[in-house]
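Presented below is the structure to which this report refers.
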Amino acid sequence: MKPVYVLGVGAHPWGKWPQKPQVTLALDALRAAFADAGLGWQQVEGLVAASSRFEGGMGWGLHANEIVQTVSEQGIPCINVGGACAAGAIAVQTAWAMIASGQHEAVAVVGAERMPKGFIPRPPGSQDDIGDSDYLRWVAMGATNPAYWALEAQRRFHEFGTTPETLALAAVLMRNNAAGNPYARYREPLTVAEVLASPMVSDPLHLLQICPVSDGAAALLLGSERFLDRVARDPVQVAGCAVGSGQFGDPARRIPTIANNVLPGVAHTSEVVGAVQRALGMAGIGPGDVDILEMADNSAWHLLAWPELFGIVEPGQSDWMLAHGRYARDGDLALNPGGGFLSFGEATTAQAVLQVCELTWQLRGEAEGRQVSGAKVGLSAVLGLGANGGSVVLKR
Amino acid sequence: MLDQTSFVVDGLMVEGPDGARLCASVCDGCGTVYFPRPVSCRNPECSSKALQDRLLEGRGTLYSFTIQRYQPPALFRIDNWAPYALGLVELPEGIRVMGMLSGFDLDTIRIGERVKLVSECLFTDPERGRVMTYKFAPDISGRAPR
Ligand SMILES: [Zn+2]
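Taken in order, these protein sequences are the chains called A and B. Going by our numbering, the first residue of the first sequence is number -9, and it counts up by one from there. Going by our numbering, the first residue of the second sequence is number 2, and it counts up by one from there.
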């Protein structure tokens, strides 16, 4: 397979942008990524979109087609991938394969999203019967998404003695990391006391420990060696990327199911753990080699659990790591140095593309206001509805 | 119609002479027990995938819990809403099942407590009468889960 490089990255700041249609957000991010690479549509041989189910895409999830029909009708392949919150990682994997196979030299990736207000609605056409978990969980028990994360957090309190203060510290770290990040939506610093004083949503999770929803867009231009001499800086290589789905017997409380079969020896959140292991294996490195982890922090609990699930630290060790500053930008593992989902608000399909943008800025030394010094290896990890996991390893 | 009862969704549970039971399935090929009833056995090592109906007694231990402090969106219908507990219950059949908790003081719920299945009215509807769901309540019988 041919090596694949990140030629350019770009993002539209996260926030609420009612005046900007999704396609406009996408074009802003793509324009920024192309400018970053010093290339243009003329060099792009394919576009992969992480497709939204909320807006645009001609109602059929044809976001890549909609974009080229809007801005440059040049006959290139347009590939639209689903994967809910993991769609961005699946799009990166797809673009990587198009280049690594030798079929194409430069392929762009985009994710753009404007999130509906309040709870995410069920998709049209779903059956109101027991065969639809996303119906069953509401009518039978009213289980919100935070309730699923809270069940995991409460169990962690029981197993490892995690305290409310430590869980609050995870949310504080994300805000501290976001303070200097112009792309983040929430940048005001927080204290542990403020997190614990925010309303309890689903015990033990407070409002400020749960990621809100936002609008945002991110884009990448991936390319082969052919373009390296045209990019004026140290190249960042896609050293590994992988997509995974869930394993039978996984003990994670997977949204929106109401029950699961639990078998010994099966990884928790196996769709993400499997993707991470394959991506690291492809890169020829171990979890201990990771300098920066960009991970999906849908809640503060995820920040404690995921580094353990990936084998970066031992089970139960995250509390100590967090309390001793080892997950800070100057620690052993920089955890979401740009602020994570808690500081951005999730713009579902765009989020995993943004993770790769952030890792690229960090590895190049261009993460102004939030730079991790000397980072050489970045790992992304994301989870999507439908037991979708995705992971990317970048190296410089 | 108010004296009639129905379940919140068809195929979820039944109410028998010995109390409420969950509608589950067991795979003839690999012995895996599923709730709710699936379309197919999901075990990748199983090639038979022939499912039979089975009812679950629903006695187990509380694996985790949370308190819902905000009213869920409108698909969830409940009369006299107030914050309530949701539990994750480990059943001896190798399944963890989520459900509302009943009969617990919200401040003193403890992981590891023994619970049993009960049937309770969520709301009353002019068409459907008393609409029931399953919940897990403290099991004071002292009987260990099988
Ligand atoms: Zn089977």
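Think of the CB as a built atom: it goes at the ideal place given N, C-alpha and C, for glycine as much as any other residue.
| Check | Outcome |
| --- | --- |
| Chain-ordered chain B contacts of Met190 of chain A [CB-CB under 7 Å] | Arg70 |
| Backbone CA spacing between Pro39 of chain B and Gly236 of chain A [nearest angstrom] | 16 Å |
| Expected contact under 8 Å - CB spacing of Gly78 of chain A and Ala342 of chain A to nearest Å | 3 Å |
| Interface partners of Ile112 of chain B on chain A, CB under 8 Å | Gln144, Arg145, His148 |
| Beta-carbon spacing of Leu293 of chain A, Leu344 of chain A below 8 Å | no |
| Any chain B beta carbon closer than 8 Å to Met105 of chain A | no |
| Contacting positions in the segment 223 to 248 of chain A - beta carbon closer than 7 Å to chain B | Phe238, Arg243, Ile248 |
| Asn44 of chain B: CB within 7 Å of a non-hydrogen atom of ligand 1 | yes |
| The alpha helix (DSSP H) enclosing Cys448 of chain A, as first and last residue numbers | Within the shown structure, residues of chain A are numbered from -9 to 386, placing residue 448 of chain A beyond reach of any answer. |
| Selection of the segment 365 to 380 of chain A by Cβ proximity to chain B, strictly under 7 Å | none |
| Alpha-carbon to alpha-carbon, Leu195 of chain A and Lys6 of chain A | 24 Å |
| N- and C-terminal bounds of the beta strand (DSSP E) containing Thr134 of chain B | 130 to 139 |
| Limits of the alpha helix (DSSP H) - the one that Ser7 of chain B falls within | Counting along the chain, Ser7 of chain B falls outside any alpha helix (DSSP H), though it belongs to the beta strand (DSSP E) covering 6 to 8. |
| Among A:Leu17, A:Asn167, A:Pro11, nearest to Ala1 of chain A - alpha-carbon criterion | A:Leu17 |
| Burial state of Val15 of chain B (16 or more Cβ within 10 Å) | exposed |
| Amino acids of chain A, ordered along the chain, whose beta-carbon sits closer than 9 Å to that of Arg97 of chain B | Pro241, Arg243, Ala249, Asn250, Asn251, Val252 |
| Under the three-state DSSP convention, the category Gln307 of chain A falls into | coil |
| Under 8 Å between C-beta atoms of Glu336 of chain A and Cys201 of chain A | yes |
| Start-end ranges of the alpha helix (DSSP H) lying completely within the segment 40 to 91 of chain A, minimum 4 residues | 53 to 61, 77 to 90 |
| contact_flag[the segment 87 to 104 of chain B, the segment 131 to 138 of chain A] where n(CB pairs < 8 Å) is 3 or more | yes |
| Straight-line Cα distance separating Ser204 of chain A from Lys10 of chain A | 13 Å |
| Partners in chain B for Leu141 of chain A, counting only beta-carbon separations shorter than 9 Å | Tyr64, Ser65, Phe66, Thr67, Leu87, Gly88, Leu89, Met99 |
| The alpha helix (DSSP H) enclosing Val162 of chain A, as first and last residue numbers | 154 to 168 |
| Burial state of Pro136 of chain A (16 or more Cβ within 10 Å) | buried |
| is_contact[Thr33 of chain B, chain A] using C-beta, thresh 8 Å | yes |
| Three-pair Cβ contact test at 8 Å for the segment 143 to 150 of chain A versus the segment 55 to 71 of chain B | yes |
| Short CB-CB distance (under 8 Å) between Asp106 of chain B and chain A | no |
| Own chain residues within Cβ distance below 8 Å of Leu13 of chain B, not counting five before or after | Leu23, Cys24, Pro37, Thr134, Tyr135 |
| Buried or exposed by the 16-neighbour rule on C-beta atoms within 10 Å, applied to Arg147 of chain B | Interpretation of Arg147 of chain B is limited by its pLDDT of 49, a score under 50 that renders its predicted location unreliable; the figure taken from the coordinates is listed afterwards. Exposed. |
| Neighbourhood of Met88 of chain A by C-beta, 7 Å cutoff - its chain only, sequence neighbours within 5 removed | Gly36, His94, Val97 |
| Any C-beta of chain A under 8 Å from that of Gly12 of chain B | yes |
| Check: Cys47 of chain B C-beta below 7 Å from any heavy atom of ligand 1 | yes |
| Thr134 of chain B: contacting residues in chain A (beta-carbon distance under 9 Å) | Val129, Ala130, Met131 |
| Short CB-CB distance (under 8 Å) between Thr338 of chain A and chain B | no |
| Thr156 of chain A: CB within 7 Å of a non-hydrogen atom of ligand 1 | no |
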